[in-house]
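Per UniProt numbering, the very first residue in the sequence shown carries number 1; after that it's consecutive.
By construction, the Cβ of each residue, glycine as well, lies at the ideal position given by its N, Cα and C atoms.
Treat the numbers as computed from the prediction; the structure is a model and nothing was measured.
Right, one structure below, let's go through it.
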Amino acid sequence: MPTTAPVRGVIFDLDGTLADTFPVIFAAFRHAFAVHADRHLSDAEIEAMFGPNEEGCIRKAIPGDWQACLATYLAEYERVHDLCPGPFPGVIALLDWLRARGVLVAIVTGKGAQSAAISLRRLELNGHFEIVKPGSPEGSIKPQAIREVLAEWAMTPADVVYVGDAPSDVTAAREVGVRVIGAAWADSTDAAKLAAMSPDALLKSVGELREWLAGAV
């Protein structure tokens, strides 16, 4: 149960936090790299590229053909998006519950703007977030993006909590000074690594997150 200032804003990661989009990501990368580089990547090899958004990953790996490869990636991402059937159970109800209480909600993701837009549309999450901040081809910019959200909301770090499924999410939130919840409800999440980063709470379901927030808003 939180004991500090009331939460006035919640910022969510997207992949592995709002929905299990990783099967879509892996399938789209695998297809694009097979087509444009004759490379057949494992999930682990794809995950090792994460940090920049998809454009940045592809530009680094296939600099001579990155634009065509990115177009192929995005087309395949759209085509196979049904590999992610919807948001995690309870996500939409949680977002509605927060907004009914006047809590602002945003997304800060490492994804590119185009793939984020596809996922929000396909997951029927459009209209649920005041702000969506995508990733950068130059590398992770989550601390900067969180600061931008705070500025747009005219809030301090004490007013906001970030919810993410990766150790890097904890690091980014700590850099800014916002509270951070470890989202450990996806099968893809390494809960032990997330716990080792000492988030303010490590939660195993969206329902647990709602309970935590009920004592904070």
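Taking residue 87 as reference, the option from 203, 149, 21 with the minimal CA-CA separation is 21. Between residue 164 and residue 53, the C-beta gap is not smaller than 8 Å, which leaves the two residues out of contact.
The beta carbons of residue 167 and residue 193 sit closer together than 8 Å. Annotation for residue 35: the continuous alpha helix (DSSP H) segment containing it runs 22–37. Where residue 203 is concerned, the enclosing beta strand (DSSP E) starts and stops at 201–203.
With fewer than 16 other Cβ atoms inside 10 Å of its own Cβ, residue 40 counts as exposed.
Every unbroken stretch of the beta strand (DSSP E) spanning 3 or more residues and falling wholly within the segment 124–171 is given here in chain order: 131–133, 160–164.
Within the segment 65–114, the runs of beta strand (DSSP E) that reach at least 3 residues and sit entirely inside it are, in chain order, 104–108. By the beta-carbon neighbour count (other beta carbons within 10 angstroms, threshold 16), residue 32 is buried. By the Cβ test, the segment 89–106 is in contact with the segment 8–15, since at least three Cβ pairs between them sit closer than 8 Å.
In the three-state DSSP reduction, residue 217 falls in the coil class, being neither helix nor strand. For the options 37, 201, 190, 189, the alpha carbon positioned closest to that of residue 173 is the one of 201.
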